[in-house]
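Asker: Sequence order for the protein chains is B and A. Each residue of the first sequence is one higher than the one before, starting from 1327 at the first, in the working numbering. Each residue of the second sequence is one higher than the one before, starting from 7 at the first, in the working numbering. Glycine included, C-beta positions come from ideal geometry on N, C-alpha and C.
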Amino acid sequence: MTELINEIITRLANAAPIIRLLVVIAIIIVSSVIVLAVALLYEGLATYAERKVAGDIQARIGPNRVGPYGLLQFVADGVKLLLKEDIIPFYADKWLFIIAPYIVFTASFAAFVPLSYSEHIYIANLNVGVLYILAISSVVSMAILMGAWGSNNKWSLFGGMRAVAQIVSYEIPTVLSLLAAIIIPASLNMRDIIAYQSGGLGIFRWLIFNNPFTFFAFFIYFIASIAEVNRTPFDIPEAESEIVAGYHTEYTGMRFAFFFMAEYGDMFVVSALATTLFLGGWQIPFIGNIVMPIWLKDILEVAVFFGKVFLLIYIMMWIRWTLPRLRVDQLMELCWKYLTPFAFFNLIGASVWVLLLHGKGVYDIITGLFVH
Amino acid sequence: MTEYFKKMFNAIKSILTGMGITIKYGVNPKTEVTQQYPEVKREPPDRFRGKLFVDINICTGCTACARICPVDAITLKTVRDENKKLRPVVFDIDNARCIYCGLCVEACPVEHCLYFEKKYEFSAYTKDELISHFGLGELKPQEGRVEEKKLEPKKEEVK
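Put into structure tokens, the structure is as follows:
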């Protein structure tokens, strides 16, 4: 995508500056609308999938009335949310109340930017990709607190404070376990990290199999990331049975939908981050170096990437409909007494591994034995 | 320290056990127990209390049901015909007011005259449509004898 834009800009080198500016603005708007449309479609289908998975697990059927197999249920839900009355509480802090859903949605949407969907399909090739995602997704916690405070409601405020306490705490094991993986390719660029994991039948050079420490780091990251996106075993910020709906108690209609869609967007981002860093990104397993047309390879890579991401999202849904909610103290105990020490241990172990074996993974060592 | 690892091991074990049970339902579509209502209808149980029905031809017009009804859902008006028998000219049951307590069914002295049907789908757009009319109609004073035709109960207006 970046190459395409550069190409267009260089071809317009002789045009008037104002035209060049307009073309660049048009490219930005068109590309962001395309990505937004894809993201919204994904978020709609994710809500449908969530309800279907819930139905399967609870021996029900799930939505099946609107459209074939209920596939258009999310469109009906969206229309319903758009038609709802937009209520702003009288004593609310109106400015914070109105702006909070937009910030939540923008932050979760902006995190899609550095992801690499295939070798040639990516939006931006950021050299600080992982850091960017971690930074931009931290904005969500601030916006949640803004909405919670602005609502002027005790349930909202409790929910917002719980959300911030939880997200800030769980950021530590998340980042530490990501670091254990990042130190091996020694890059924060998503594309470099994926390129490092090529070879080994497309599976055995994944960073999760690089050494025992990254293997455990993946699970720590996965648990902590579920808490980061406030999903069910860790959904105390919006626990219905305790504090109504938490930080979005006072929100109605489309403003509520923004919070809702941001949750599913965050789910995609953390799963994509896990896929990129631990599960080999878009590396196609088992095919080796078979020559094929570039478009076919790109399609296969996108399919593999989304397949891995959706598998992780399915596991998140599976966990959600299995496990009960943790108490606040249990939540903090899990983070500080279990995940954080193990994440530190993993980071030190992975560092020592890299230092002693010069970044060689388990697969490299085993194949090295056979070569000599 | 052993306590710490024991707790962790127990937590992982119990989580995996629970997730093993849910995935069995998650991947097997045969576990669904839902009966999809408009397509598949359940047979109501024997003593199901559905819509009230009156067999008006054997009604004696004693008004026991109207008197015992706690919500005054039954409107009953009787006149004496030429045989000095009570004739229920108006017998309206307001299904919007009925609480399905069954007191009228117990009070009715005639066997199988006022009873609950197994019908439960009779929603309507207005409250008036919810009133079922069973009455035989007013007796015209000049008519000496009531013809057989007129004794037929009126058809229910609400389906």
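Based on the DSSP secondary-structure assignment, which residues constitute the bridge partners of residue 84(A)?
Answerer: The sequence position of residue 84(A) within the second sequence is 78, counting from 1. Paired residues: 94(A).
Asker: Under the three-state reduction of DSSP, which class applies to residue 1555(B): helix, strand or coil?
Answerer: Translated into positions along the first sequence, residue 1555(B) becomes position 229. Looking at residue 1555(B) - three-state DSSP - the assignment turns out to be coil, as it is neither helix nor strand.
Asker: At a cut of 8 angstroms, does the region 1587-1607 of chain B reach the region 1546-1563 of chain B through at least three beta carbon pairs?
Answerer: The region 1587-1607 of chain B vs the region 1546-1563 of chain B: in contact.
Asker: Where does residue 60(A) land, buried or exposed, given buried means 16+ other C-beta within 10 angstroms?
Answerer: Along the second sequence, one-based indexing puts residue 60(A) at 54. Label assigned to residue 60(A): buried.
Asker: Which whole-angstrom value is the C-beta distance of residue 1668(B) and residue 1510(B), which I expect to be below 8 angstroms?
Answerer: In the first sequence, residue 1668(B) corresponds to position 342, counting from 1. In the first sequence, residue 1510(B) corresponds to position 184, counting from 1. Rounded, the Cβ-Cβ distance is 18 angstroms, inconsistent with contact.
Asker: Between which two residues does the beta strand (DSSP E) holding residue 137(A) run?
Answerer: Here residue 137(A) is taken as the residue at index 131 of the second sequence, counted from 1. Unbroken beta strand (DSSP E) run through residue 137(A): 137-139.
Asker: Based on Cα-Cα distance, which residue from 1439(B), 1378(B), 1384(B) lies nearest to residue 1391(B)?
Answerer: As a working mapping, residue 1391(B) is identified with position 65 in the first sequence. Looking at the Cα atoms, 1378(B) is the closest of the given residues.
Asker: By the 10 Å Cβ neighbour count, where 16 or more other Cβ atoms means buried, how is residue 1697(B) classified, buried or exposed?
Answerer: Counting from 1 along the first sequence, the entry for residue 1697(B) is found at position 371. Exposed, by the Cβ-count rule.
Asker: In whole angstroms, give me the CA-to-CA distance for residue 1673(B) and residue 1491(B).
Answerer: Translated into positions along the first sequence, residue 1673(B) becomes position 347. Translated into positions along the first sequence, residue 1491(B) becomes position 165. Residue 1673(B) and residue 1491(B): Cα-Cα distance of roughly 24 angstroms.
Asker: Quick check on the DSSP output: the beta strand (DSSP E) that includes residue 121(A) runs from which residue to which?
Answerer: Counted from its first residue, the second sequence places residue 121(A) at position 115. From DSSP, the beta strand (DSSP E) with residue 121(A) extends over 120-122.
Asker: For a cutoff of 7 angstroms on Cβ pairs, would you count residue 1655(B) as touching chain A?
Answerer: Residue mapping note: residue 1655(B) aligns to position 329 of the first sequence, counting from 1. No, because no Cβ of chain A sits closer than 7 angstroms to the Cβ of residue 1655(B).
Asker: What is the rounded straight-line gap between the Cα of residue 1717(B) and the Cα of residue 1576(B)?
Answerer: The structure shown does not extend to residue 1717(B), since chain B is modelled only from 1327 to 1698, so the question has no answer here.
Asker: With a cut-off of 7 angstroms, does the C-beta of residue 31(A) fall near any C-beta of chain B?
Answerer: The residue given as residue 31(A) occupies position 25 in the second sequence. Closer than 7 angstroms: yes.
Asker: Using a cut-off of 8 angstroms between C-beta atoms, extract the partners of residue 1386(B) located in chain A.
Answerer: As a position in the first sequence, residue 1386(B) is number 60, starting the count at 1. Result: 38, 39, 40.
Asker: Along the region 7-34 of chain A, what residues have a CB closer than 7 angstroms to any CB found in chain B?
Answerer: Answer in chain order: 14, 21, 24, 25, 28, 29, 31, 32.
Asker: Suppose the cutoff is 6 angstroms on Cβ atoms and the five residues either side in sequence are ignored; what does the same chain contact list for residue 1441(B) look like?
Answerer: In the first sequence, counting from the first residue as 1, residue 1441(B) sits at position 115. Around residue 1441(B): 1598.
Asker: Between 42(A), 22(A), 79(A), which has its C-alpha nearest residue 1387(B)'s C-alpha?
Answerer: Against the first sequence, residue 1387(B) aligns to sequence position 61. The residue with the shortest Cα to Cα distance from residue 1387(B) is 42(A).
Asker: So for residue 1592(B), helix, strand or coil by DSSP?
Answerer: Looking up residue 1592(B) in the first sequence gives position 266. Helix, per DSSP.
Asker: Would you report the Cα separation of residue 1643(B) and residue 1650(B), rounded to the nearest angstrom?
Answerer: By one-based count along the first sequence, residue 1643(B) stands at place 317. By one-based count along the first sequence, residue 1650(B) stands at place 324. Going from the Cα of residue 1643(B) to the Cα of residue 1650(B) covers about 13 angstroms.
Asker: Quick check: is the beta carbon of residue 1641(B) nearer than 7 angstroms to any beta carbon in chain A?
Answerer: Against the first sequence, residue 1641(B) aligns to sequence position 315. Answer no: the Cβ-Cβ gap between residue 1641(B) and chain A never drops below 7 angstroms.
Asker: For residue 100(A), which three-state DSSP category applies?
Answerer: For the purposes of this step, residue 100(A) is taken as the residue at position 94 of the second sequence. DSSP places residue 100(A) in strand when its eight states are reduced to three.
Asker: Given that residue 1561(B) touches chain A, what residues does it touch there, using C-beta distances under 7 angstroms?
Answerer: Within the first sequence, numbered from 1, the residue matching residue 1561(B) stands at position 235. In chain order: nothing, as chain A lies at least about 16 angstroms away.
Asker: What residue range is occupied by the uninterrupted alpha helix (DSSP H) comprising residue 1456(B)?
Answerer: In the first sequence, residue 1456(B) corresponds to position 130, counting from 1. Where residue 1456(B) is concerned, the enclosing alpha helix (DSSP H) stretches over 1455-1476.
Asker: Keeping to the same chain, check which residues put their C-beta closer than 7 angstroms to that of residue 1410(B); ignore five residues upstream and five downstream.
Answerer: In the first sequence, residue 1410(B) corresponds to position 84, counting from 1. Once the five neighbours on either side are set aside, the close Cβ partners of residue 1410(B) are 1578, 1579.
Asker: Give a single yes or no on whether residue 53(A) has its beta carbon closer than 6 angstroms to a heavy atom of the ligand FMN.
Answerer: Here there are no bound small molecules, and the ligand FMN is not part of this structure.
Asker: Is the Cβ of residue 1648(B) closer than 7 angstroms to any Cβ of chain A?
Answerer: Numbered from its first residue, the first sequence carries residue 1648(B) at position 322. At least one chain A Cβ lies under 7 angstroms of residue 1648(B).
Asker: Return the CA-CA distance between residue 1447(B) and residue 1613(B), expressed in angstroms with no decimal places.
Answerer: Working through the first sequence from its first residue, we reach residue 1447(B) at position 121. Working through the first sequence from its first residue, we reach residue 1613(B) at position 287. Roughly 20 angstroms separates the two Cα atoms.
Asker: Going along chain A, which residues have a C-beta under 8 angstroms from residue 1275(B)?
Answerer: This structure does not reach residue 1275(B), given that chain B is present from 1327 up to 1698, and the question cannot be answered.
Asker: Looking at the structure shown, is residue 203(A) part of a helix, part of a strand, or coil, going by DSSP?
Answerer: Because chain A is modelled from 7 through 165, residue 203(A) falls outside the range shown and cannot be assessed.
Asker: Could you please give the first and the last residue of the uninterrupted alpha helix (DSSP H) stretch that includes residue 1381(B)?
Answerer: Your numbering for residue 1381(B) matches position 55 in the first sequence. Per DSSP, residue 1381(B) belongs to the alpha helix (DSSP H) from 1343-1383.
Asker: Span of the alpha helix (DSSP H) holding residue 107(A)?
Answerer: In the second sequence, the residue the question calls residue 107(A) occupies position 101. Residue 107(A) -> no alpha helix (DSSP H), and no H or E assigned at all.
Asker: What residues from chain A crowd round residue 1644(B), counting only those whose CB sits closer than 9 angstroms?
Answerer: The count along the first sequence starts at 1 and reaches residue 1644(B) at position 318. 25, 28, 29, 32, listed in chain order.
Asker: How do the region 1514-1523 of chain B and the region 1484-1500 of chain B stand: do at least 3 beta-carbon pairs fall below 8 angstroms, yes or no?
Answerer: Taking 8 angstroms as the limit for Cβ pairs, the verdict is that the region 1484-1500 of chain B does not touch the region 1514-1523 of chain B.
Asker: Does the beta-carbon of residue 1682(B) have 16 or more other beta-carbons within 10 angstroms, so that it is buried, or is it exposed?
Answerer: To locate residue 1682(B), count along the first sequence from 1; it is residue 356. The residue is exposed, with fewer than 16 neighbouring Cβ atoms inside 10 Å.
Asker: Suppose you measure from the CA of residue 158(A) to the CA of residue 63(A); what does that come to, to the nearest Å?
Answerer: The count along the second sequence starts at 1 and reaches residue 158(A) at position 152. The count along the second sequence starts at 1 and reaches residue 63(A) at position 57. With a pLDDT of only 49 at residue 158(A), under 50, the local geometry of the prediction cannot be trusted, and the value read off the model is given with reservation. Cα to Cα, residue 158(A) sits roughly 7 angstroms from residue 63(A).
Asker: Measure the beta-carbon distance from residue 109(A) to residue 94(A) and round it to whole angstroms, keeping in mind my assumption that it falls under 8 angstroms.
Answerer: The residue you call residue 109(A) lines up with position 103 of the second sequence. The residue you call residue 94(A) lines up with position 88 of the second sequence. About 18 angstroms separates the two Cβ atoms, so there is no contact after all.
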